[in-house]
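A.B. asks: Numbering (this note's numbering) for the sequence shown: 5 to 1021.
Virtual Cβ for every residue (Gly too), placed ideally from N, Cα, C.
In this text the structure is predicted, and so the values were computed from the model without any measurement.
Quick one: the structure is below, and I'll ask about it shortly.
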Amino acid sequence: MKRFIAAFWLILLTISTASAIESPHISNMSCSGTLGCHTIALIDGVYVATLVDAYGVNNLCLKCHNPQTMARGFSASDIANPFGSTDTGLFPSEQLQTSHNWAGPVNMPAAGAQISTDPAILALRPTKAGVIGCTSCHNHHSFTGDLLLRRPGDTLCLDCHRQRNQRDVQTGTHPVNFNYTSATSKVKLTPAKFFKDPVNANPANSTSAMLFPSGKLVCTTCHAPHYADSNARTFDNASSSTFGLLSSSRGRLLRTDVRGGSANEVNICTNCHAGKRAHNGKGQNIQCADCHAAHVDPLDGTAPNVWLVRRYMNPLTTNTKVLNQYKDAGSNWAGPDGVCVACHAIPAPGGNYPPEHTSTDPNVCRSCHVHDSADGSFAAGCNSCHGNPPQINAAGPSGYASSGSSNYATSGVFKDESLTPHLAHTSRGLTCAACHSGNQHASGDFQQVFRTRSGTAAYYGATPSYDPTGSGSCLTNYCHSNGAPSSVPPVYKTATWALGKNSIVGTPGECSACHDAAPGTNAHTAHLSRGYSCTLCHAATAASNSSIKDASKHVNGIKEMSFSGAALGTEIDVSDTCTTSYCHSNGRGVYSSPNWTMKATGACGTCHDTATGLGSPLIASGAHFAHFSTSAAAYGPMLTTQNSTGCQACHNVSSANHVNQSIDLNGTLGYQRNGTGTCTPCHATQVNWNIGAVTCESCHTGTLSVINGVPAPNKSLAATLGHGAPAIGKGCTACHERNARHINGGSRLQAQLSGSLNADCRYCHDNSSVVVAEGFRNMSTHFLAKGGSQAMACAQCHDPHGSTNLHMIKTVINGKTIVFNDAMTGLVNTSTNQGLCQVCHTQTSHYRAGVPETAHPTTNCLSCHDHRATGGAFKPTGTCDACHGYPPAPKATITPQLFGVQGSWSSARYEDYSGGGGAHLVAAHVSPNAKPSEGWSNCAICHNGGFTDSRNHKMTMPLKGNIENVDVVVDPKYRFSTGFIIYTGAKRVSAPAENVTGSCYNASCHITKSRRWSIER
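Here it is as structure tokens:
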């Protein structure tokens, strides 16, 4: 190709008389032949030159000017065919339409095109055939100009499109052919409406910028004849075409986008026109070219619409005609075939729409709907005269109204709008009509408030009014009321307008400004006193107790009931009755139906049974009966049924937790709930609320139950060291009545174990079939007072539930610690003198509490003091040989004496001190057959004055240390005279003194003095 071009230029330079010849068609090309355009034929001896395919889609020019042959080539798919005037032989989907049509008709009204006025063009074969061709614009025989154009610049465009060579927008075509920034241009005269330097929709793409040759706005400012796809994202050049980078288009041949990528992005119009926004007030994204076009020639003989408004709006499929052919007062906006009604009906007055909507006067329309609205073209513009709402202390947009002689600031009722609560109302979704219904707009009266008493302010019979004097006050207005509760008269509060900004909304007292923050009407108090949030029943309206979630559902004349949390699923009917509400159920799917206006229908006991004192049957589900019952068979804590105190022993019935889809226990009392496990402190071990009674061990062993602040008695040793021990094997119910009252401190024994003293113990211990070991049967009881009866309870010393001592002896008696691990040595504590047989004694002769025992044995006590002794437990039962022999035997005699065998003083034994045995082993004194069981009968004659009791028997041990206690008191009937001593010469003294025995006389058996009692002393 380069060699071809070089050769072409060489031929051109050699045959031309002009310098710098540029025509490419005469290099190594010949007029005819392979590279030629003409066919040469000899006809009648004359050479005749003809053309092959002089015009058409694939005309002669495309023989060379195609992508396969030249860098700047074209194909049939490039033809712009927006009006369908040319048969390209392609499907529409195959057409790119990026170049001026080179095969269309010379007259194309839709394109504003007419046959050329240029004689040279008129002489062309395509023109004569009624079509245009490449040569219509390009002179194929020309030697000047890079593009071989027949006319310079846009004069070529305006030759055919001359009817669009206009400078007045009212002619139906965009003004062209004028200096964009001249002193008389609108760009200079109204700089706010135009960009002096037009903006580029894609600054990175120079081919999408508007062109102004010599500063003029011309056809090629917006259009390009070739490689133009109306897309600012592509580079409009031959390279993009060659490599397939151009997008398909509608054949408008624009340099940039007809529509921006989104509302208010730069488009073909807003490149130059400033301050214009999409008609997008409600997100409809209607852009400039949807209503306007650069050329709006109607082609039907009628006048075009002014301001380049389309006859038919772009997005519509309804084919609704628009006739807006006059400016100013003659504009047709809302009338038949008006601009606005082409797309939508004019909303009727009322609600959000003002009375002006009944008018078709364009000036009335323009008072609110302006093209330059900051909210989007023609978005309702209340702020053209005043703020929407007024919110600053100035006239005009954002401020107060001022139009001509009507100026709010001088009206006499002026309020500083920067301090009024307009914003507080509109931010909650209230429209102008909420307060200004029935107004005569722009009448000069600035106090048109509640002219028509309707809408929200008049709900439930309210008669809203406004007093403009002073600070201005809203009166008897539903919006500022307690909401007209059911069956309760409405209460209205006065709201002040002046200085009212931030006086209600957002303040701590916001809710109470209109209704009480904690309403006391109907059942409100009952709910709020439990801590329930407003959101429980008004979830769609309230976000919390002090904030609104959805303002559209607040102050709307509707008592919005939307339930959440535990109340989710509740339904409420027209009679204000709640149904299917968990809040008013037994918690298990059985519902009550409380009425909001009748407090008694929601009282305690209406949802589930409770304490009888509250007016309902006693609750009996699960273990409730066991806790409340006071019957003879009650074994629970017998909680009161007279009021809610019994309920509060376990539950916090006055809090919001009472109805929260969980069974709540009263945490303030220390109760805790872990599923169906423990319920401390009453039940320290796992219990099951619904199945059976708890075991005795669950409360009385391990971690003890604490009921009403009192711990359960600890019976942890019962199973191992008490009557439950394996050797005994008695369970709790062997003694205790399972169904008897239990936690009241009274008797809990079975009937057969009650009654007389120690009947509970004797029931088993007097029965040989139950207690097999003889040593534990037929036990006696002890004395409570010296000389008294056997009145001591077994339990005073024994714990039937076991202890760490032998025989279940208590570890603490009379507040003293008792250790009893050895029956021989453990009865008397010689260290503390508070042993088992000491701790209670205060009047006894021996073993007194806290008094050291020095005159009696401190071990083997039970040998004399048997638990089963006749006449009382531990009454001395030892025979006369328990402490000394029966009788005491001497260690030395004149003649040997046999004793200790049957028939010879069998129970005699040596006395433990010299002389003590004496002459006991004399048959005349004591019979050799004497037995200890004979007791005092063998002793009373000499030692007890004939009495067979212990009156003179001091029983002080050991004998050798208490010789002085030995009494010789002869029975008087054996004495001759009571005036004479009966036993003489004796010295009954203990060591270290030496004792001396005496002699008997003055007795029937010894008239004279006898030998000394003992040969030892």
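Does the structure place the segment 349–363 close enough to the segment 316–335 that three or more beta carbon pairs sit under 8 Å?
C.D. replies: No contact exists between the segment 316–335 and the segment 349–363.
A.B. asks: Along the beta strand (DSSP E) that carries Cys478, what are the first and last residues, could you check?
C.D. replies: On the sequence shown, position 474 is the one that residue 478 refers to. Where Cys478 is concerned, the enclosing beta strand (DSSP E) stretches over 477–479.
A.B. asks: For Gln754, I'd like the list of residues in its chain whose CB is within less than 6 Å of its CB, leaving aside the five on either flank, ordered along the chain.
C.D. replies: Walking along the sequence shown from the start, residue 754 turns up at place 750. Answer for Gln754: Glu741, listed in chain order.
A.B. asks: When the Cα of Ser218 is compared with those of Thr185, Lys603, Thr737, which residue comes out closest?
C.D. replies: Reading the sequence shown from its first residue, position 214 is the one you call residue 218. For Ser218, the nearest C-alpha among the options comes from Thr185.
A.B. asks: Which residue wins for smallest C-alpha separation from Gly60, given the options Thr73, Pro96, Gly134, Cys35?
C.D. replies: Here residue 60 is taken as the residue at index 56 of the sequence shown, counted from 1. Considering only alpha carbons, the answer is Gly134.
A.B. asks: Quick one: which unbroken alpha helix (DSSP H) runs of 4-plus residues sit fully inside the segment 174–212? Chain order, please.
C.D. replies: Counting only runs of 4 or more, we get 190–193.
A.B. asks: Return the residue from the list Asp916, Thr881, Ala923, Pro358 that minimises the CA-CA distance to Thr897.
C.D. replies: Taking the sequence shown and counting its residues from 1, one reaches residue 897 at position 893. Checking every option, the nearest Cα to that of Thr897 belongs to Ala923.
A.B. asks: Let me know the secondary structure DSSP gives Pro340 once reduced to three states.
C.D. replies: As a working note, residue 340 is residue 336 in the sequence shown. Correct three-state label for Pro340: coil.
A.B. asks: Sorted by chain position, which residues of the same chain lie with C-beta nearer than 8 Å to Ser244's C-beta, five sequence neighbours on each side aside?
C.D. replies: Here residue 244 refers to the residue found at position 240 when the sequence shown is read from its first residue. Only Tyr231, Thr238, Leu250 meet the Cβ criterion.
A.B. asks: Please list the terminal residues of the continuous alpha helix (DSSP H) segment that includes Ala723.
C.D. replies: Looking up residue 723 in the sequence shown gives position 719. Element bounds for Ala723: 722–725.
A.B. asks: I need the DSSP call for His1010, collapsed to helix, strand or coil.
C.D. replies: Your numbering for residue 1010 matches position 1006 in the sequence shown. Note: His1010 maps to strand in three-state DSSP.
A.B. asks: What's the call for Thr808, buried or exposed, on a 16-neighbour Cβ count within 10 Å?
C.D. replies: Position 804 of the sequence shown holds residue 808. Looking at its Cβ environment, which holds fewer than 16 other Cβ atoms inside 10 Å, Thr808 is exposed.
A.B. asks: List the endpoints of the continuous alpha helix (DSSP H) containing His845.
C.D. replies: Along the sequence shown, one-based indexing puts residue 845 at 841. Premise fails: His845 is in no alpha helix (DSSP H) and is neither H nor E.
A.B. asks: Using only alpha-carbon positions, find the residue among Thr960, Asn966, Val1000, Pro892 that is nearest to Ala934.
C.D. replies: Stepping through the sequence shown from its first residue, residue 934 is reached at position 930. Cα-wise, what sits closest to Ala934 is Pro892.
A.B. asks: For Thr424, tell me which candidate among Ala378, Cys478, Ser469, Val374 has the shortest Cα-Cα distance.
C.D. replies: Along the sequence shown, one-based indexing puts residue 424 at 420. Taking only the C-alpha atoms, the option nearest Thr424 is Cys478.
A.B. asks: I want to know whether the segment 996–1010 touches the segment 979–988 - three or more CB-CB distances under 8 Å.
C.D. replies: Output reads yes: the segment 979–988 touches the segment 996–1010.
A.B. asks: Tell me, please, which residues DSSP counts as bridged to Leu55.
C.D. replies: Within the sequence shown, residue 55 is the residue found at index 51, counting from 1. In DSSP, Leu55 forms a bridge with His42.
A.B. asks: Let's see if you can read the secondary structure: which residues bound the alpha helix (DSSP H) around Tyr470?
C.D. replies: Start at 1 with the first residue of the sequence shown, and residue 470 comes out as number 466. Where Tyr470 is concerned, there is no enclosing alpha helix (DSSP H), although the beta strand (DSSP E) it sits in stretches over 469–471.
A.B. asks: So who's on the other strand from Cys582, going by DSSP bridges?
C.D. replies: Here residue 582 refers to the residue found at position 578 when the sequence shown is read from its first residue. DSSP, once it has assigned bridges, lists Ile576 as partnering Cys582.
A.B. asks: Which ranges does the alpha helix (DSSP H) cover as unbroken runs of at least 4 residues, wholly within the segment 789–864, from first to last along the chain?
C.D. replies: Here no run is fully enclosed.
A.B. asks: I need the boundaries of the alpha helix (DSSP H) containing Arg370, first residue and last residue.
C.D. replies: Here the question's residue 370 lines up with position 366 in the sequence shown. It spans 366–370 - the alpha helix (DSSP H) in which Arg370 sits, taken as one unbroken run.
A.B. asks: Rounded to whole angstroms, what's the CA-CA distance from Cys865 to Ala653? Just pull it up for me.
C.D. replies: Taking the first residue of the sequence shown as position 1, residue 865 is located at position 861. Taking the first residue of the sequence shown as position 1, residue 653 is located at position 649. Whole-angstrom Cα-Cα distance: 53 Å.
A.B. asks: Work out the CA separation of Thr364 and Trp337 for me, nearest whole Å.
C.D. replies: Translated into positions along the sequence shown, residue 337 becomes position 333. Translated into positions along the sequence shown, residue 364 becomes position 360. Roughly 7 Å separates the two Cα atoms.
A.B. asks: Is it the case that the Cβ atoms of Ile136 and Val110 are separated by a distance below 8 Å?
C.D. replies: Here the question's residue 136 lines up with position 132 in the sequence shown. Here the question's residue 110 lines up with position 106 in the sequence shown. Taking 8 Å as the Cβ cut-off, Ile136 and Val110 qualify as a contacting pair.
A.B. asks: What did DSSP end up calling Ser293 once you bin it into helix, strand or coil?
C.D. replies: Looking up residue 293 in the sequence shown gives position 289. Per the sequence presented here, residue 293 reads as Ala, with Ser not at that position. Helix.
A.B. asks: When you compare only the Cα positions, how much space is there between Asn387 and Asp379?
C.D. replies: As a first step, residue 387 must be located in the sequence shown, where it is residue number 383. As a first step, residue 379 must be located in the sequence shown, where it is residue number 375. If I take the Cα positions, the gap works out to 10 Å.
A.B. asks: Compute the Euclidean distance between the alpha carbons of Ala499 and Ser625, then round it to the nearest angstrom.
C.D. replies: For the purposes of this step, residue 499 is taken as the residue at position 495 of the sequence shown. For the purposes of this step, residue 625 is taken as the residue at position 621 of the sequence shown. Approximately 54 Å, taken between the alpha carbons.
A.B. asks: Checking the sheet assignment: what are the DSSP bridge partners for Leu753?
C.D. replies: Here residue 753 is taken as the residue at index 749 of the sequence shown, counted from 1. Leu753 is bridged to His740.
A.B. asks: Would you check if the distance between the CB atom of Gly476 and the CB atom of Lys419 is smaller than 8 Å?
C.D. replies: Numbered from 1 along the sequence shown, position 472 holds the residue referred to as residue 476. Numbered from 1 along the sequence shown, position 415 holds the residue referred to as residue 419. Taking 8 Å as the Cβ cut-off, Gly476 and Lys419 qualify as a contacting pair.
A.B. asks: Using 8 Å as the threshold, is the segment 260–272 in touch with the segment 110–127, meaning 3 or more CB pairs across them?
C.D. replies: Verdict: no, contact absent.
A.B. asks: Exposed or buried, which one is Asp150 when buried takes at least 16 other CB atoms within 10 Å?
C.D. replies: Along the sequence shown, read from residue 1 onward, the residue named residue 150 stands at position 146. With fewer than 16 other Cβ atoms within 10 Å, it is exposed.
A.B. asks: Looking only at its chain, what residues have a beta carbon closer than 7 Å to the beta carbon of His445, apart from the 5 residues adjacent to it on each side?
C.D. replies: Within the sequence shown, numbered from 1, the residue matching residue 445 stands at position 441. Pro358, Pro359, Glu360, listed in sequence order.
A.B. asks: Out of Phe382, Arg263, Gly791, which has the shortest C-alpha to C-alpha gap to Gly285?
C.D. replies: Position 281 of the sequence shown, counting from 1, holds the residue named residue 285. Of the candidates Phe382, Arg263, Gly791, the one whose C-alpha sits nearest the C-alpha of Gly285 is Phe382.
A.B. asks: Identify whether Ser409 lies in helix, strand or coil by the three-state DSSP scheme.
C.D. replies: On the sequence shown, residue 409 is found 405 positions in, with the first residue counted as 1. Coil.
A.B. asks: Does DSSP put Arg315 in a helix, in a strand, or in coil?
C.D. replies: Here residue 315 corresponds to residue number 311 of the sequence shown, with the count starting at 1. Reduced to three states, the DSSP call for Arg315 is coil.
A.B. asks: Can the beta-carbon of Pro887 be found closer than 8 Å to that of Leu831?
C.D. replies: Position 883 of the sequence shown, counting from 1, holds the residue named residue 887. Position 827 of the sequence shown, counting from 1, holds the residue named residue 831. Per the sequence shown, residue 887 should be read as Cys rather than Pro. Going by C-beta atoms, Cys887 is not nearer than 8 Å to Leu831.
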